[in-house]
Amino acid sequence: MKFEYKTIKIARSVIYKSKNDPTVNADKVEELEQALNELGSEGWELIGMIQPQGFLGLGDEGLCIFKRLVK
4 MKFEYKTIKI ARSVIYKSKN DPTVNADKVE ELEQALNELG SEGWELIGMI
54 QPQGFLGLGD EGLCIFKRLV K
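To get the numbering used here, take the position in the sequence shown, counting from 1, and add 3.
Quick look at the structure:
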């Protein structure tokens, strides 16, 4: 079997309103869910996420890693 991989960056603000306000940004989460569903319908499977640890552990972007079978 052969796989191909895709990565996308997700800004912290997509999930949380701000660094100082850790409440969930519901509208952005819905947009993210739609994007993930679209990738899933194209055969991409989310296999991992990386959250960089910036100053005081506050990274600004996460990285989503996807794979799918090469036909």
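Ideal Cβ positions, reconstructed from N, Cα and C, are used throughout, including at glycine. Computed from a prediction, not measured in an experiment: that's the story for all the values here.
Note to self: Buried or exposed for residue 8, going by 16 or more other Cβ atoms inside 10 Å?
What the structure shows: When all chains shown are included, residue 8 counts as exposed.
Item checked: Secondary structure of residue 27, DSSP reduced to three states -> Strand at residue 27.
Item checked: DSSP bridge partner residues for residue 18 (one or two, in chain order) -> Answer is none; residue 18 lacks a bridge partner.
Notebook entry, point to check: Given residue 14, which residues of its chain have a CB within under 7 Å of its CB, disregarding the five upstream and five downstream residues?
Noted result: Correct list, in chain order: 63, 64.
Next item on the list: Under 6 Å Cβ to Cβ from residue 11, same chain only, skipping five residues before and after it: list those, please.
Entry: These residues qualify, in order along the chain: 67.
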